[in-house]
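*Asks:* Residue numbers (the numbering used here): 17 to 170.
Virtual Cβ for every residue (Gly too), placed ideally from N, Cα, C.
Quick caveat, the model's predicted, so the values are computed rather than measured.
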């Protein structure tokens with residue numbers, strides 16, 4: 017596996033960061049609409065709140081393992097940055113879907129539990145930010161793992 021050139025690498029990381037920014041800003045804008053444009057009282061903790069909380073917990077539990085599986089499969093296939101981007105999009109979309117689900121539940125039932133779950137999921141999404149050092153570190157670890165696997169096979 018060859019390391020991308022510095023300019024190429026930085027351009028790809030910026031692409032990841034742009035996609036990530038869109039994933040983060042979508043739920044944030046929707047949250048502002050839910051909280052500011054549609055104030056009012058709802059039914060409280062109804063079935064949508066329960067569905068949202070279960071879906072949110074599922075999103076928290078699934079986003080990490082799904083991302084790791086996607087990154088590891090792509091790294092061994094020879095396209096490490098592509099697999100990192102795919103994993104970022106898929107695991108981020110899982111969290112983003114949970115945020116939207118809980119914001120919809122809050123919009124209908126005005127439960128603080130669904131709002132808190134949406135905030136937790138959105139925060140978890142922020143922790144996935146593809147900083148250049150994080151991506152570079154992951155690439156180095158993948159390269160080392162591939163070298164070790166090749167040495168082990170000899």
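Smallest Cα separation from residue 148: which of 29, 23, 82?
*Replies:* Sequence index remark: in the chain shown, residue 148 carries index 132 (1-based). Of the candidates 29, 23, 82, the one whose C-alpha sits nearest the C-alpha of residue 148 is 29.
*Asks:* Evaluate residue 158 with the Cβ neighbour count: other Cβ atoms within 10 Å of its Cβ, from every protein chain shown; 16 or more gives buried, anything less gives exposed.
*Replies:* Indexing the chain shown from 1 puts residue 158 at position 142. So residue 158 ends up on the buried side.
*Asks:* Drop a sphere of 10 angstroms on the beta-carbon of residue 70, count the other beta-carbons inside from all chains shown, and report buried for 16 or more, exposed for fewer.
*Replies:* Here residue 70 corresponds to residue number 54 of the chain shown, with the count starting at 1. Exposed is the call here.
*Asks:* Tell me which residues share the same chain as residue 129 and place their Cβ nearer than 7 Å to its Cβ, disregarding the 5 neighbours each side in the sequence.
*Replies:* As a working note, residue 129 is residue 113 in the chain shown. Only 61, 65, 69 meet the Cβ criterion.
*Asks:* Do residue 39 and residue 141 come within 8 Å of each other at the CB atom, strictly closer than that value?
*Replies:* For the purposes of this step, residue 141 is taken as residue 125 along the chain shown, with counting starting at 1. For the purposes of this step, residue 39 is taken as residue 23 along the chain shown, with counting starting at 1. A contact, by the Cβ cut-off of 8 Å.
*Asks:* Within this structure, are the beta carbons of residue 115 and residue 132 separated by less than 8 Å?
*Replies:* Here residue 115 refers to the residue found at position 99 of the chain shown. Here residue 132 refers to the residue found at position 116 of the chain shown. For residue 115 and residue 132, no; Cβs fall outside 8 Å.
*Asks:* Would you kindly work out how many angstroms separate the C-alpha atoms of residue 53 and residue 110, rounded to a whole number?
*Replies:* For this step, residue 53 is matched to residue 37 along the chain shown. For this step, residue 110 is matched to residue 94 along the chain shown. Cα to Cα, the separation comes out at about 26 Å.
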